[in-house]
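S.K.: Submitted below is the structure of interest, expressed as structure tokens.
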Amino acid sequence: MDIQILVVEDNEHIRDMIKNYLNQAGYAVDTSADGARALEMFYDKTYHLVILDIMLPGLGGHELLREFRKLNSTPVLMITALTDDESQIKAFANEADDYVTKPFNIQLLVMRSEALLRRSGVLSKEVRHDKLALFPEALRAEYDGAPITLTRKEFEILMLLVQSKGRTLSPAMILSRVWGYDFDCDEGTVWTHMKNLRQKLPENIIKTVRGAGYCLE
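Each residue of the sequence shown is one higher than the one before, counting from 121 in my numbering.
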């Protein structure tokens, strides 16, 4: 599974440096120089980590982080030249996962990024939710120790639900994350996959929130 990272930084030198080091570490990296474009990219594609500058043209880092959190709980590492306590408190209040001040050691930034990926389960060999165990590298699933045969899309939906930590995901959001924003299908595709997942899982752990979407119980 390719690990996708989004770097949002308006300084070209810093942006390219972060991308190059993360590429060398084996990660797939997209970049954006402004917040509005980054939000479009976040809608269009599933990212496992976002590295986000605070001082951006147009839509700033704090505002962008709040928009991200309306969608899911993807880990966000803030980078900024602002070193005051108030800026850091605001970032964590908006549910940032880590905060690094400039100038920073690029190797340390990569290590802190990997720590967040491990914490979210992306770099883990096993991700669990109660009796459900997912093995991202092998695209394999077990429930209460027994293997479950899933299609790739079914696995990705379950992984998305686990990583969303109890948040309710709308069908449109699941379509965007799993199939891609431009994929030509409707919300009935999500309903069909949820139906198939419920038939394969020994217990119905997928909750339908009427008028809102789906979450794991």
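For every residue, glycine included, the Cβ atom is placed at its ideal position computed from N, Cα and C. Computed from a predicted structure; not experimentally measured.
#1: Classify PHE275 as helix, strand or coil using the three-state DSSP reduction.
#2: Can you give the beta carbon distance from LEU197 to ARG232, rounded, assuming they're within the 8 Å contact cut?
#3: Would DSSP call PHE212 helix, strand or coil?
#4: Is it the case that the Cβ atoms of THR312 and TRP299 are separated by a distance below 9 Å?
#5: Would you report the Cα separation of ASN214 and LEU185, rounded to the nearest angstrom?
#6: Bridge partners of LYS139, per DSSP?
#7: Counting along the chain, where does the alpha helix (DSSP H) carrying ASP164 start and finish?
#8: From what residue to what residue does the alpha helix (DSSP H) around HIS249 run?
#9: Going by CA-CA distance only, name the one from TYR334, ASP217, ASP136 and SER290 that's closest to HIS182.
#10: Does DSSP classify LYS327 as helix, strand or coil?
#11: Output the distance between the C-alpha atoms of VAL242 and LEU236, rounded to the nearest integer angstrom.
#12: Is it true that the CB of ILE174 sits closer than 9 Å to the CB of LEU142?
M.R.: The relevant details are as follows:
#1: helix
#2: 6 Å
#3: helix
#4: no
#5: 7 Å
#6: Answer is none; LYS139 lacks a bridge partner.
#7: 155-164
#8: No alpha helix (DSSP H) holds HIS249; the beta strand (DSSP E) holding it covers 247-249.
#9: ASP217
#10: strand
#11: 9 Å
#12: no
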